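Participant:
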Amino acid sequence: MATAVLILLTSLAGLGDAQGQSSAQRNAKAGAGSVIVQPTFGGLIFGFDIDPNGSEGVLSEAVPQNDGSVISAVETFDQNTGTILKTIVQTHTKDDFVTLGVEGNSVGLIELEHVVSRFDVRRSFGVLNPVEGSKFTGRWTPPIGQKHIINEIKRSAVNARSAVYAVDVSDKQEPIVFATDVRTNKFGPLIPVLDTDFNFGGPPVLAYDGLRNQAILGHDTNSQFIVPPKVGIVDLTDGKFTKFTGLGLGVIDGIAVDSDDHVICTDTSFDGAVQFYNLAKRTQVSHIMPGVTETDDSSRGAHIEYDAVNKLFLVAQPFSATGSGSSIVVYDIDGNFVESVDGLNFSSGFNVFPVHIALNPSKRSGFVDGPDPEVRNIQSFTY
């Protein structure tokens, strides 16, 4: 597969900490919310998401037992009150459920990990269509067998499709990306990720430009030195792959995309910075997050989500530089700082799943891991 280099204008590229006045309206009530979702059995939350077009959310939980078994469940909850509405399924075996997300138009996607033996885990996927129905209505059957594990799935903000990144656990070690419509159980071609800047070490982070049917991958450069990272763009229709060298230093820990304005937002691990690549205007800029010094990477960003209604990027900051605990730092699409959502707590770096921001853009609200450091609950916030 041919690899091309996407060249952005360098005259406007650079690293800076001067941020202009944002045109986005700051929310005077931005901050941690009072709604905390407690799963029914008090277990560890194995993935959660909320319906951005509705009032409900879905989570999976697991409670390990002394005999090696696990109490596992999938539950829906009310975004307004945090109340668990229904336990959709509950098992007491060695199996787990994982909530992968709410895809397309209010479709929940749940993974079942069925343990046959210690080294034999069979994975299948159930669909809640819609989430508010609180019942499984079908299966999602990606054409990947058991040789690939779903690492990440990202929905589009402009249509019903999602992009999937799957990690290869066979001897080939060949990860793949593909597009899917979860509701209709349809799939695009499986496209291998062959570039050595994207298939070494940990998997890249994923964003999905549904308007152009492109997977956006963020990774570090395959180098023994701390250097600027790489951003890859995979056309999920024809497999064309392009990449460019990004701004910042180290690993890209979070990535999101504004399809309408063709803007990619990333953050990097060794400088506490957030980058904005406007591919339509062919500009790029990197800003150190508020309160972070260039020599301090402890307050670096993590997961990023995009709000297509208010045109805002939300960057998770596990160790806040503007308050106590953790924060979510909000930027507009031009890279201007809007506000910090302080008073959260998702600081633990030892959890099974990385921090996740789930948004309901019409309400300018969402949920994030915590305040329990082991993620036995999730907390609301406004922005």
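Each residue of the sequence shown is one higher than the one before, counting from 1449 in my numbering.
C-beta: ideal position from N, C-alpha, C; glycine also.
Keep in mind it's a predicted model, so treat the numbers as computed, not measured.
Report the start-end ranges of each alpha helix (DSSP H) in the region 1690 to 1762 that is 4 residues or longer and not cut off at the edges.
Facilitator: none
Participant: For the putative contact between residue 1532 and residue 1525, defined by C-beta atoms under 8 Å, what is the C-beta separation to the nearest angstrom?
Facilitator: Right, the Cβ-Cβ distance comes to about 5 Å (below 8 Å), so this counts as a contact.
Participant: Classify residue 1540 as buried or exposed, calling it buried when 16 or more other Cβ atoms lie within 10 Å of its own Cβ.
Facilitator: exposed
Participant: What is the rounded straight-line gap between the Cα of residue 1672 and the Cα of residue 1631?
Facilitator: So the alpha carbons of these two residues sit roughly 43 Å apart.
Participant: Counting Cβ pairs closer than 8 Å, one from the region 1818 to 1830 and one from the region 1790 to 1804, do we hit at least three?
Facilitator: Cβ pair count under 8 Å is three or more, so yes.
Participant: CA-CA distance, residue 1775 and residue 1788?
Facilitator: Taking the straight line joining both Cα atoms gives about 6 Å.
Participant: Taking just the CA atoms, how far does residue 1641 sit from residue 1514?
Facilitator: The alpha-carbon atoms of residue 1514 and residue 1641 are separated by roughly 41 Å.
Participant: At which residues does the beta strand (DSSP E) containing residue 1504 begin and terminate?
Facilitator: 1504 to 1512
Participant: Does the region 1733 to 1743 touch the region 1763 to 1772, meaning 3 or more C-beta pairs lie closer than 8 Å?
Facilitator: yes
Participant: Smallest Cα separation from residue 1757: which of 1605, 1467, 1471 and 1801?
Facilitator: 1605
Participant: Report the option in 1674, 1492, 1650 and 1726 whose CA atom is closest to the CA atom of residue 1780.
Facilitator: 1726
Participant: Residue 1732 and residue 1695 - do their beta-carbons sit closer together than 8 Å?
Facilitator: yes
Participant: How long is the line joining the alpha carbons of residue 1804 and residue 1494, rounded to whole angstroms?
Facilitator: 11 Å
Participant: Please state whether the Cβ-Cβ distance between residue 1475 and residue 1503 is less than 8 Å.
Facilitator: no
Participant: Quick check on residue 1449: does DSSP put it in helix, strand or coil?
Facilitator: In this predicted model, residue 1449 has a pLDDT of only 37, less than 50, meaning its place in the structure is not dependable; the value taken from the coordinates is given anyway. Here DSSP, grouped into helix, strand and coil, assigns residue 1449 to coil.
Participant: How should residue 1594 be labelled, buried or exposed, when 16 other C-beta atoms within 10 angstroms of its C-beta is the threshold for buried?
Facilitator: exposed
Participant: In angstroms with no decimal places, state the Cα-to-Cα distance between residue 1601 and residue 1471.
Facilitator: 31 Å
Participant: Using 8 Å as the Cβ pair cut-off and three pairs as the minimum, do the region 1690 to 1706 and the region 1660 to 1675 touch?
Facilitator: yes
Participant: So, at 7 Å on beta carbons, what are the nonlocal neighbours of residue 1607 in its own chain, with the 5 sequence-adjacent residues on each side left out?
Facilitator: Cβ neighbours of residue 1607 beyond the five flanking positions: 1658.
Participant: Please give me, in chain order, every unbroken run of the beta strand (DSSP E) with length at least 3 that falls completely inside the region 1530 to 1611.
Facilitator: Qualifying beta strand (DSSP E) stretches, in chain order: 1532 to 1541, 1544 to 1551, 1555 to 1565, 1568 to 1576 and 1596 to 1603.
Participant: As a quick exercise: from 1802, 1568 and 1548, pick the residue whose alpha carbon is nearest that of residue 1579.
Facilitator: 1548
Participant: Is it buried or exposed, residue 1728, if we count other Cβ atoms within 10 angstroms and call 16 or more buried?
Facilitator: exposed
Participant: Decide if residue 1566 is buried, meaning its Cβ has at least 16 other Cβ atoms within 10 Å, or exposed.
Facilitator: exposed
Participant: Is DSSP giving residue 1809 helix, strand or coil here?
Facilitator: Helix.
Participant: Measuring only the C-alpha atoms, how far is residue 1454 from residue 1786?
Facilitator: Any reading at residue 1454 is ruled out, since the residue's pLDDT is 35, under 50, leaving its predicted position unreliable.
Participant: Going by DSSP in three states, residue 1462 sits in which element: helix, strand or coil?
Facilitator: With a pLDDT of 45 at residue 1462, under the threshold of 50, the modelled position of this residue cannot be trusted; read the value that follows with caution. DSSP places residue 1462 in coil when its eight states are reduced to three.
Participant: Would you kindly check if the distance between the Cβ of residue 1551 and the Cβ of residue 1536 is under 8 Å?
Facilitator: Contact flag unset, no.
Participant: Taking Cβ positions, are residue 1651 and residue 1599 nearer each other than 8 Å?
Facilitator: yes
Participant: Can you grab the Cα-Cα spacing for the pair residue 1777 / residue 1765, in whole Å?
Facilitator: 7 Å
Participant: Given a cut-off of 8 Å on the beta-carbon distance, is the pair residue 1655 and residue 1597 in contact?
Facilitator: no
Participant: Give me the residue from 1542, 1510, 1530 and 1619 with the minimum Cα distance to residue 1517.
Facilitator: 1542
Participant: Where does residue 1500 land, buried or exposed, given buried means 16+ other C-beta within 10 angstroms?
Facilitator: buried
Participant: If you draw a straight line from the alpha carbon of residue 1653 to that of residue 1706, how long is it in whole angstroms?
Facilitator: 16 Å
Participant: Give the DSSP-derived three-state secondary structure of residue 1818 in the structure shown.
Facilitator: coil
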